[in-house]
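There are 4 protein chains.
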Amino acid sequence: MDSNSSYAKDDKLRRIMDAALTTFSRSGYQGATMQEVASEAGVGKGTIYLYFCSKEELLETVLLDVLKRYRDQIVQIISSEDASRTRMRRLVSEVVRGADRRRRQFRFLLQGSWGMGGEFKQRALSIKKDIMNSLAEFVSEGAEMGEFRDVDARLMAHIISGTLDSLAAAQLWNDEQTLEGQDDSWADDLAGAVVDCLCSGVEPEQ
Amino acid sequence: MDSNSSYAKDDKLRRIMDAALTTFSRSGYQGATMQEVASEAGVGKGTIYLYFCSKEELLETVLLDVLKRYRDQIVQIISSEDASRTRMRRLVSEVVRGADRRRRQFRFLLQGSWGMGGEFKQRALSIKKDIMNSLAEFVSEGAEMGEFRDVDARLMAHIISGTLDSLAAAQLWNDEQTLEGQDDSWADDLAGAVVDCLCSGVEPEQ
Amino acid sequence: MDSNSSYAKDDKLRRIMDAALTTFSRSGYQGATMQEVASEAGVGKGTIYLYFCSKEELLETVLLDVLKRYRDQIVQIISSEDASRTRMRRLVSEVVRGADRRRRQFRFLLQGSWGMGGEFKQRALSIKKDIMNSLAEFVSEGAEMGEFRDVDARLMAHIISGTLDSLAAAQLWNDEQTLEGQDDSWADDLAGAVVDCLCSGVEPEQ
Amino acid sequence: MDSNSSYAKDDKLRRIMDAALTTFSRSGYQGATMQEVASEAGVGKGTIYLYFCSKEELLETVLLDVLKRYRDQIVQIISSEDASRTRMRRLVSEVVRGADRRRRQFRFLLQGSWGMGGEFKQRALSIKKDIMNSLAEFVSEGAEMGEFRDVDARLMAHIISGTLDSLAAAQLWNDEQTLEGQDDSWADDLAGAVVDCLCSGVEPEQ
DNA sequence: GATGAATGAGCCTTCATTCAT
DNA sequence: TATGAATGAAGGCTCATTCAT
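So, in structure tokens, the structure goes:
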């Protein structure tokens, strides 16, 4: 019984955050109404205010939550013991696959934290920097291990991050020209080609 | 007199669109009020409705306008007769410089068209595809001329576009770690390093 | 035309304040809704916010306005050149008559400024003190002229003010036992009896 | 056990009514929330509804309770066997002292029953009339005993009642000009002066 | 054309009340 | 009996839009 009610409470919070993610993603922050979120979550409008003190706090919490999960996914992938190129490949394929599976979340990430203010922006930026730092470190370590050239790690992090975002966005925007064959291996094939570009560059070796 | 009033009319339209860009960029679409836009433009609130039938149409017009200008800038740069690497370099340096100079516009571009619907989204996507197509064509042509390897042009377009976006965003977010030395040549140096990564890749030649 | 529109604006403000007085008096501050006030005034809900920035400011303005008019009435009456007793008599009869005529306003005055905070309370208190000071001065002057005994003027002011309030309240509460015969002279007769009590006291002369 | 739980129940009821008095007095009827009252009483929000079926009933009960206690105090004082003037003096001094000691209650009384409707208003009025009747009777009896002149008893009741209210209000409003020396005997001195005014009147004997 | 006073639909938020535990 | 999580009606306020001037 105890564990039941405890479960129920967590469940309600989770349902609200999930509904908020869905609703904000569908209608945008300002466009979404608390009533929509409540209906989507299957709770009363007032119930949301038992967990979040304002619409803004709800958005911030959900946004940070998604951002953190994205960061954790990236960090986890590039922390493996595989060869740098392999890790990079997994990074691309997982993110692209994830964008497909969790469209709602990526909508959110790409939208970013526009219009949010002050303290929140700092926290969001902090997580974004985590991501950048992880990627930069990944590049540096690759160079130390002799698997990468000695390029500017921070710039390379921008290139990787930007590529991931662009691919995910294409996914969301349904860029069927780029990503049409959705069989089992399309993400891996895509990742292979992208990583080839990133690793070998676009210029022919002389 | 005719040409005068016509000029006056164009001028007023231009001031309104400029004010809208500034205001939407500062406060977001929903956060901005028509009163704000009117004040910023130095016209009466009702005047805006002589040129645009709704707030949404105003946003769409301004957004498409900015997108087009961005597209045109990119197209113009990569249409020159220079070597591919040189054009790519100019692409990066101009975009980064532009992000610095025209922050309002880039805010807008990165924010995208959230919450906008249907027909408008198609038009925005269409322009975004113009950009992608231009970049892909640029890569293809480079390959034909032997200046680029025979990589997947569309994927390389994503890499370039994503890199540009990531750099521009860092600019806006004031990522002072990446872009601190703001002397005259910082953009060129940055572009050089970025293009080196993109052209030669991150892996050492064997 | 100019004077017309100017009149219209003043008229709208006046209608809103009047409607607010009526509505607040009928339903209480918290009980009244802005929609009620708007309907009573025959304007749109938003229009009120062109003249007052919040419900609270509306209440404060109306309350201070009524308070000031009450103060001015009292000051005017006791500033005449008549004998002290005559002025006191007019004070009572006018206030009682006013309570009858302007019930809404007296409701307001008696309710006072409960729940209002800070700066406003100070301004209301300041006007209430004006009234007390005027009454005290009236008593002092009466004493100087030999028409009154040398009693504590401030205490006597409390007695007069309290008596006026109690009579006005009885009026409002429909104390038909006290104030039933509402012919032309009832107020004068009442005032005569009251002033007799206040002037000669309740104890028999020894 | 029975008497214990019965005691506990009475105790809880008392605590709730006390908390309501404090809370309503502090925040006003509409401003106070049931949660505030519950917290102040140290009980759960739902518990209040075991004793009162609505917020309004709670207010009415508490208000009538306070009114009755005030009435009883007045009746008790003027029912003694002392000389009329002595009783009047005790009336003033006790009320003023009481206003100091039980500010919360007087706040309530002075605030009155604004916004309350129908049946309740009748009951409150009924108690207020009790007070008026008691005072009028007191004056009549004084006249019968030859200690008072034969004035209109109901009007004199208004004068006394109004004076008491005005003094109590000054107390609450912190009218330090009137009531500053708060040593042991200030209330008695004040009462002496007030009663002198009421008994002998403000006009010099001729 | 240009304006801004006026409007009212719509939304965030509060809080009295209920009811499962 | 006692509780407080859950609810949803209701209200203050905003702001896109209109229209008389």
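Chains as they are written, first to last, in the numbering used here: chain A, 1325 to 1530; chain B, 1325 to 1530; chain C, 1325 to 1530; chain D, 1325 to 1530.
Even glycine gets a Cβ: it sits at the ideal position worked out from N, Cα and C.
Chain-order list of residues whose beta-carbon lies under 7 Å from that of residue i (same chain, five-residue window excluded)
i       : result
D1424/C : Q1495
S1458/C : I1398, V1399, I1402
is_contact[residue i, chain D] using C-beta, thresh 7 Å
i       : result
Q1446/C : no
E1529/C : yes
A1517/C : yes
M1480/C : yes
Min CB distance residue i to chain C below 7 Å
i       : result
S1490/D : yes
A1477/D : no
I1402/D : no
A1511/D : no
C1377/D : no
Q1359/D : no
S1327/D : Summary for S1327/D: the model assigns pLDDT 44, below 50, so the residue's position carries little reliability, and this model does not support an answer.
Cβ-Cβ separation, residue j to residue i (assumed contact under 8 Å), whole Å
i       : j       : result
F1462/D : I1402/D : 4 Å
I1398/B : I1455/B : 6 Å
R1413/D : G1516/D : 6 Å
A1460/D : A1493/D : Not a contact, Cβ separation roughly 22 Å.
D1474/B : G1486/A : In fact, because the Cβ distance is near 23 Å, the residues do not count as touching under 8 Å.
L1388/D : R1447/D : 6 Å
S1524/C : G1525/D : 4 Å
A1362/B : G1368/B : 6 Å
F1472/D : E1527/C : 6 Å
Exposure label - residue i; buried when at least 16 CB within 10 Å
i       : result
T1410/C : exposed
C1521/A : buried
S1378/C : exposed
R1338/A : exposed
L1374/B : exposed
A1407/B : exposed
G1352/D : buried
G1470/B : exposed
S1509/C : exposed
S1404/D : exposed
E1529/B : exposed
Contact set for residue i: own chain, Cβ-Cβ below 6 Å, skip 5 residues either direction
i       : result
E1468/A : none
M1341/A : V1386
V1518/D : V1416
G1366/B : none
D1512/B : S1417
A1343/A : V1361, E1364, A1365
I1484/A : L1459
Cutoff 7 Å: residue i Cβ touching any chain B Cβ
i       : result
Y1526/A : Inspection of the sequence shows that residue 1526/A is occupied by Val rather than by Tyr. So, interface residue.
R1473/A : yes
is_contact[residue i, chain A] using C-beta, thresh 7 Å
i       : result
G1486/B : yes
I1455/B : no
I1398/B : no
I1483/B : yes
Q1354/B : yes
Beta-carbon contacts of residue i that lie in its chain and below 8 Å, excluding the five residues immediately before and after
i       : result
S1464/C : A1477
Q1501/A : The predicted position of Q1501/A is uncertain, since its pLDDT is 49 and thus under 50; no value can be drawn from it.
Q1359/C : K1369
Residue i beta carbon near the ligand FMN (any heavy atom closer than 6 Å)
i       : result
S1363/A : With respect to the ligand FMN, the structure shown offers nothing to examine, as it has no ligands at all.
Taking only runs of the alpha helix (DSSP H) that begin and end inside the region 1325-1386 of chain B, which ones reach a length of at least 4 residues, in chain order?
-> 1326-1351, 1358-1365, 1369-1375
What are the start and end residues of each continuous beta strand (DSSP E) run of 3 or more residues lying completely inside the region 1437-1479 of chain B, in chain order?
-> Counting only runs of 3 or more, we get nothing.
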